[in-house]
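Structure first, then comments.
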Amino acid sequence: MKGNQRYTQIHLTNPLPQDNMIENVFESLVNELKQFRQNVPVGCLTDKCSHQQKEKQDLSMFSGAGGYLYLYMRMYEFVKTLPEDLQTFCTSGLSDQELPEFYNPEIYLDLAQKQYDAMQAILKQDRYITFLMSNIATSLLGADLYFIKKDKENFSKNISQVLGVFANIMANPNQFQQELLYGIPGYLYMFLWINKRYSKEQGPYQLDLTSHIFNLCKMIVAQCGDGIMKCKFFNQTYFGAAHGILGIIQILLLSYEQAKDYFHLKDEKFTLKMLESIQLTLDYLIKIYYKQGNIPPSAEDIQSVELQQFCHGIPGAVSPLLKAYQIFNNQDYMNASIHMSETLYKYGMIKKGYGICHGIPGNSYGFMQIYQVTKNEKFRRYAFQFLQYKQNPHVFNEVKNFPFYDRHVVGMSDNPFSLMLGSVGDMCAMMDFINYKRMPGYEV
Ligand SMILES: [Zn+2]
477 MKGNQRYTQI HLTNPLPQDN MIENVFESLV NELKQFRQNV PVGCLTDKCS HQQKEKQDLS
537 MFSGAGGYLY LYMRMYEFVK TLPEDLQTFC TSGLSDQELP EFYNPEIYLD LAQKQYDAMQ
597 AILKQDRYIT FLMSNIATSL LGADLYFIKK DKENFSKNIS QVLGVFANIM ANPNQFQQEL
657 LYGIPGYLYM FLWINKRYSK EQGPYQLDLT SHIFNLCKMI VAQCGDGIMK CKFFNQTYFG
717 AAHGILGIIQ ILLLSYEQAK DYFHLKDEKF TLKMLESIQL TLDYLIKIYY KQGNIPPSAE
777 DIQSVELQQF CHGIPGAVSP LLKAYQIFNN QDYMNASIHM SETLYKYGMI KKGYGICHGI
837 PGNSYGFMQI YQVTKNEKFR RYAFQFLQYK QNPHVFNEVK NFPFYDRHVV GMSDNPFSLM
897 LGSVGDMCAM MDFINYKRMP GYEV
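Residue numbering for the sequence shown follows the working numbering, starting at 477 and increasing by one per position.
Structure, rendered in structure tokens:
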């Protein structure tokens with residue numbers, strides 16, 4: 477590790493007590509939700525930025541109103557699906573008045589509808605195509621909303637809006653990026669979302685996108701090449717989740733997992749080549765990791781190992797490695813992801829603090845993902861320490877005073893209530909700690 481690690485990262489010398497983890501995380505969730513509701517009116521269409529910027533209209537999941545809609549849908553799902561034994565843990569933080577209000581899924585569904593209506597009223601096609609950046613994602617969540625409400629007409633309308641871009645991408649693949657944040661894999665993510673939820677439905681909501689998924693994967697693999705795959709973004713060969721090959725591998729593995737039989741039937745030669753390339757690329761990245769202690773942002777910047785956050789570095793590697801472990805039954809991938817988690821626990825408490833993209837809650841997902849596979853309690857405790865970063869004065873004082881050059885206000889997220897940079901992401905991670913569903917934008 478380089479000498480400047482300590483400047484941007486906190487070594488957890490004063491961990492929080494670890495009894496009542498669920499109660500404590502739930503209390504933090506409720507506090508964050510209250511803050512959010514006080515600051516972000518339902519139907520808000522702006523990016524709710526920190527005070528030294530000009531507030532602007534922003535419908536994206538990444539930094540804007542899409543994230544508010546995402547939160548309401550996740551809260552609905554959380555309350556609706558929380559097992560009874562977990563509910564008992566989670567009631568202690570609520571007053572008698574708050575209790576029935578909090579556990580009422582209809583309230584969140586109503587908020588989601590209002591948020592969606594406001595967004596749909598001004599929705600227009602934008603130049604982006606991905607779940608995290610494009611307006612199209614509003615329609616993706618709209619489809620879920622109308623599915624819950626059993627409104628077939630609006631469900632289909634929203635699905636059509638998501639599918640509407642497909643033909644253009646197939647006809648002009650070179651006009652689009654190849655990474656997760658702006659490129660074709662970030663569009664494919666929405667197909668995986670739809671296919672997972674609706675391919676096994678019966679009747680009018682049944683929707684099978686297997687062949688579309690296959691076609692998009694073929695296109696992505698053609699761009700990234702055989703053998704050790706490459707992801708070019710603005711003249712750099714990126715490795716990480718947001719802009720690089722790890723994000724692509726994650727999407728390819730999710731695709732293969734969902735449509736395995738179709739892949740082999742449709743084109744066995746291509747499928748085997750794709751699987752081989754994925755393994756070669758992961759092996760290459762693991763080798764770099766064991767040598768340098770992290771995965772650098774790009775091949776052009778191979779000596780740089782200081783970034784340990786979802787968008788760059790090992791945090792984005794854990795999920796694809798665990799998927800690879802399950803698909804290829806190769807223990808090396810499990811070993812590497814566990815090794816990375818220990819490194820992440822040492823260096824992943826980053827002073828940038830907030831959010832999923834380059835924040836502490838984003839890094840907590842690595843621990844939660846390993847816990848889902850191994851059920852080793854240690855990783856749950858790691859996740860707890862990371863999620864409670866605001867409750868730990870030794871950590872939060874550093875976060876509040878860290879002069880991150882890329883921000884407008886010291887110690888404050890540029891979009892404090894957003895999904896990828898702010899508290900919506902933190903809340904999703906807290907819900908996932910209590911009852912795991914999926915990492916936003918990276919799992920379906
Ligand atoms: Zn980031």
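Positions of the beta carbon are idealized from the N, C-alpha and C atoms, including for glycine. Given the structure is predicted, the values throughout are model-derived calculations rather than measurements.
Asked, Found
"Through-space distance from K767 to L545, alpha-carbon basis", "42 Å"
"T606, DSSP secondary structure in three states", "coil"
"Per-residue burial, H788 [other beta carbons within 10 Å of its own, 16 or more giving buried]", "buried"
"H834 beta carbon near ligand 1 (any heavy atom closer than 7 Å)", "yes"
"Bounding residues of the alpha helix (DSSP H) (the contiguous stretch that carries F843)", "836 to 850"
"Beta-carbon separation (whole angstroms), N630 vs H870, contact threshold 8 Å", "So it is not a contact: roughly 49 Å between Cβ atoms."
"Contact test: Q726 Cβ vs ligand 1 heavy atom, cutoff 7 Å", "no"
"L509 - containing alpha helix (DSSP H), residue span", "497 to 515"
"Cβ contact (3+ pairs, closer than 8 Å) linking the segment 899 to 906 and the segment 826 to 844", "yes"
"F715 - DSSP class collapsed to helix/strand/coil", "coil"
"Check: Q785 C-beta below 7 Å from any heavy atom of ligand 1", "yes"
"Candidates I689, V697, Q678, of which the one nearest M666 by Cα", "I689"
"Helix, strand or coil at K672 [DSSP, three-state]", "helix"
"Check whether Y801 and Q848 have beta carbons under 8 Å apart", "no"
"At least three beta-carbon pairs within less than 8 Å, the segment 604 to 619 to the segment 565 to 578", "no"
"4-residue-minimum alpha helix (DSSP H) runs that sit fully inside the segment 606 to 669, ordered along the chain", "612 to 624, 628 to 639, 642 to 647"
"Closer than 7 Å: A717 CB and nearest ligand 1 heavy atom", "no"
"Backbone secondary structure at S894 - three-state DSSP", "coil"
"Nearest neighbour of I803, chosen from E853, F872, I725 [CA to CA]", "I725"
"T489 - DSSP class collapsed to helix/strand/coil", "coil"
"Cβ-Cβ separation, I846 to F860 (assumed contact under 8 Å), whole Å", "No, F860 and I846 are not in contact; Cβ-Cβ is about 14 Å, not under 8 Å."
"Proximity winner among N770, L783, H884, P892, relative to S813 (alpha-carbon distances)", "N770"
"Beta-ladder partner(s) of I826, from DSSP", "Q485"
"Backbone CA spacing between R857 and N868 [nearest angstrom]", "14 Å"
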